[in-house]
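Note sheet for the following structure.
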Amino acid sequence: MLFQLIAFLAAAIAGGIGSIAGFGIGSILTPLVAGRLGTKPAVAAVSFPHLAGTLLRFWFIRKHVDRRVLLTFGISSAAGGLAGAWLQVWFKSAVLGYVLGALLVFAGVMGLTGLASRMRFGKGTGLVAGALSGVFGGLVGNQGGIRSAALMGFQLSKEAFVATATAIALLVDVFRMPVYIASEWSELIGTWPLVLVASLGVLAGTIFGQPLLRRIPERIFRALVSSIILALGIAMLLHPGGHD
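Numbering (my numbering), first residue to last: 873 to 1116.
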C-alpha cells in the first residue's frame, strides 16, 4: 500500500512534467517501478500509464501538432522504437544506458548554452534522428528525453513542440506496447493494481499540469526542457539501467 501511494504521487508529478515538457512519464516512473519489479517488467508496466497520460495530453493540445515533423521524424522514431523494443528482449541495457546518458547530457548542455538553437533539421536529417532516437528509446525503455533532444533541432514553438512530441509518443506506444506485453505477459498479470494506481496518478498530473504550459515564456520553456534532459542524462549515467 505504501509503495502504491508513492507510485501515485510520482505518477502525478510525472504527468505534470509531461504536460509541460512533452515527456517525462517513463523517465520518472520506470526507475521507481524497476526497483520493485526489475527493468524489463517495469518498462512493460509503465507503458500503460504512459499511454493513458499521453492520450489525455494529446487530446488537450492536438491542434498544435506539426504534421511535417510528425510524418518524417515521428514515423521513423516509431519504427525505431519498434526495432529497439524487439532488441530489448535480448540485450542488457547497462552499457546502452551509459551511451544514452552521455547523449542526453550533451544535448542538455547544448540547449542550455544556446548551441542547440542553431541546429536545423531537414527531412533527411529528421528521418535519421528519429530512427536513432527510437532505437535507443526502445532498447532502454526511456525514449522521451532523447526524442525531445532531437526535436529541439526543428525550432518548434513550445505548443507545437509538446504537441508533436506527444503525437510521436502515441505512435511509439502503438508500435512497442504489443512487443512488451507479449514478452512480459506473465509478469504483467500480477501488477494490474500498481498499473491502475500509476495510470490514475498520471491522469491527475496531466490535468493539473496542462494550464502551466500556457504561462511559461518561450525562452524559459526551452531552458526548462534542456534542464530536464540534462538531469535525465546525469541520472542515467548514475543508474544506467540496471535491473536486467
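Glycine included, C-beta positions come from ideal geometry on N, C-alpha and C.
Keep in mind the model is a prediction, meaning the values are calculated, not measured.
Inset, instruction - Have a look at I1106, I933 and A974 and flag the residue whose alpha-carbon is nearest the alpha-carbon of S1029. - result: As a first step, residue 1029 is located in the sequence shown; it is residue number 157 there, counting from the start. That would be I933, whose Cα lies nearest to the Cα of S1029.
Legend entry - DSSP three-state assignment for V1044, whether helix, strand or coil: Sequence index remark: in the sequence shown, residue 1044 carries index 172 (1-based). When DSSP states are grouped into helix, strand and coil, V1044 belongs to the helix group.
Legend entry - Where T1063 falls: helix, strand or coil (DSSP): Locating residue 1063 in the sequence shown gives position 191, where the first residue counts as 1. For T1063, the three-state secondary structure derived from DSSP is coil.
Inset, instruction - Starting from S1119, follow the alpha helix (DSSP H) in both directions and report where the run begins and ends. - result: Missing from the structure shown is residue 1119; the chain here goes from 873 to 1116 and no further.
Legend entry - Through-space distance from M1108 to I1053, alpha-carbon basis: Counting from 1 along the sequence shown, the entry for residue 1053 is found at position 181. Counting from 1 along the sequence shown, the entry for residue 1108 is found at position 236. Those two C-alpha atoms are separated by around 24 Å.
Inset, instruction - State the DSSP-derived secondary structure class of H1111, mapped to helix, strand or coil. - result: Your numbering for residue 1111 matches position 239 in the sequence shown. For H1111, the secondary structure class from DSSP, reduced to helix, strand or coil, is coil.
Inset, instruction - Under 7 Å Cβ to Cβ from A1039, same chain only, skipping five residues before and after it: list those, please. - result: Residue 1039 sits at position 167 when you count from the first residue of the sequence shown. Around A1039: F930, V937, L942 and G946.
Inset, instruction - Pair every Cβ in the segment 1055 to 1068 with every Cβ in the segment 915 to 923, then say whether three or more of these pairs are closer than 8 Å. - result: Yes: at least three Cβ pairs fall under 8 Å.
Legend entry - Per-residue DSSP class, three states only, for M847: Lying outside 873 to 1116, the shown extent of the chain, residue 847 is not represented and no answer is given.
Legend entry - Cβ-Cβ distance between T1036 and G890 below 9 Å: Indexing the sequence shown from 1 puts residue 1036 at position 164. Indexing the sequence shown from 1 puts residue 890 at position 18. T1036 places its beta carbon 9 Å or farther from that of G890.
Inset, instruction - Report buried or exposed for I878, applying the criterion of at least 16 other Cβ atoms within 10 angstroms of its Cβ. - result: Indexing the sequence shown from 1 puts residue 878 at position 6. That one is exposed.
Inset, instruction - Return the chain-ordered list of same chain residues with a C-beta closer than 7 Å to the C-beta of F920, the five sequence neighbours on each side being excluded. - result: The residue you call residue 920 lines up with position 48 of the sequence shown. Excluding positions up to five away in sequence, the list reads V1067 and S1071.
Inset, instruction - Answer yes if the segment 1087 to 1098 comes into contact with the segment 1014 to 1029, meaning at least three C-beta pairs across the two stretches below 8 Å, and no otherwise. - result: At 8 Å Cβ cutoff, the stretches touch.
Inset, instruction - Identify whether M982 lies in helix, strand or coil by the three-state DSSP scheme. - result: On the sequence shown, residue 982 is found 110 positions in, with the first residue counted as 1. Shown here, M982 sits in a helix according to DSSP, grouped into three states.
Legend entry - Cα-Cα separation between R908 and A1032, rounded to whole angstroms: To locate residue 908, count along the sequence shown from 1; it is residue 36. To locate residue 1032, count along the sequence shown from 1; it is residue 160. About 36 Å.
Inset, instruction - Within the same chain, show all residues whose beta-carbon is closer than 6 Å to that of L984, passing over the 5 residues directly before and after it, in chain order. - result: Counting from 1 along the sequence shown, the entry for residue 984 is found at position 112. Sequence-distant Cβ neighbours of L984 in its own chain, meaning closer than 6 Å and more than five residues away, are S1098.
Inset, instruction - Can you say whether S1058 is buried or exposed, counting buried as having 16 or more other CB atoms within 10 angstroms of its CB? - result: Your numbering for residue 1058 matches position 186 in the sequence shown. Burial call: exposed.
Inset, instruction - Scan the segment 1068 to 1111 and note each continuous alpha helix (DSSP H) run of 4 residues or more that stays entirely inside, going in chain order. - result: Listed in chain order, the complete alpha helix (DSSP H) runs (minimum 4 residues) inside the segment 1068 to 1111 are 1090 to 1110.
Inset, instruction - Could you check the C-alpha separation between I897 and Q1027 for me, to the nearest Å? - result: Along the sequence shown, one-based indexing puts residue 897 at 25. Along the sequence shown, one-based indexing puts residue 1027 at 155. Cα to Cα, the separation comes out at about 23 Å.
Inset, instruction - Please determine, among R940, G910 and Q1015, the residue with the shortest C-alpha to C-alpha distance to H922. - result: For the purposes of this step, residue 922 is identified with residue 50 of the sequence shown, where counting begins at 1. Ranked by Cα distance from H922, the options R940, G910 and Q1015 are led by Q1015.
Legend entry - C-alpha gap between R1091 and A906, whole angstroms: Reading the sequence shown from its first residue, position 219 is the one you call residue 1091. Reading the sequence shown from its first residue, position 34 is the one you call residue 906. So the alpha carbons of these two residues sit roughly 35 Å apart.
Legend entry - Alpha carbon of V981 to alpha carbon of L1102, nearest angstrom: Numbered from 1 along the sequence shown, position 109 holds the residue referred to as residue 981. Numbered from 1 along the sequence shown, position 230 holds the residue referred to as residue 1102. Each residue's Cα considered, the two are about 7 Å apart.
Legend entry - Length of the line joining the Cα atoms of F1093 and S899: Mapped onto the sequence shown, residue 1093 falls at position 221. Mapped onto the sequence shown, residue 899 falls at position 27. Going by the C-alpha atoms only, they are around 19 Å apart.
Inset, instruction - Would you kindly work out how many angstroms separate the C-alpha atoms of F895 and L1042, rounded to a whole number? - result: In the sequence shown, counting from the first residue as 1, residue 895 sits at position 23. In the sequence shown, counting from the first residue as 1, residue 1042 sits at position 170. Spanning the two alpha carbons is a distance of roughly 11 Å.
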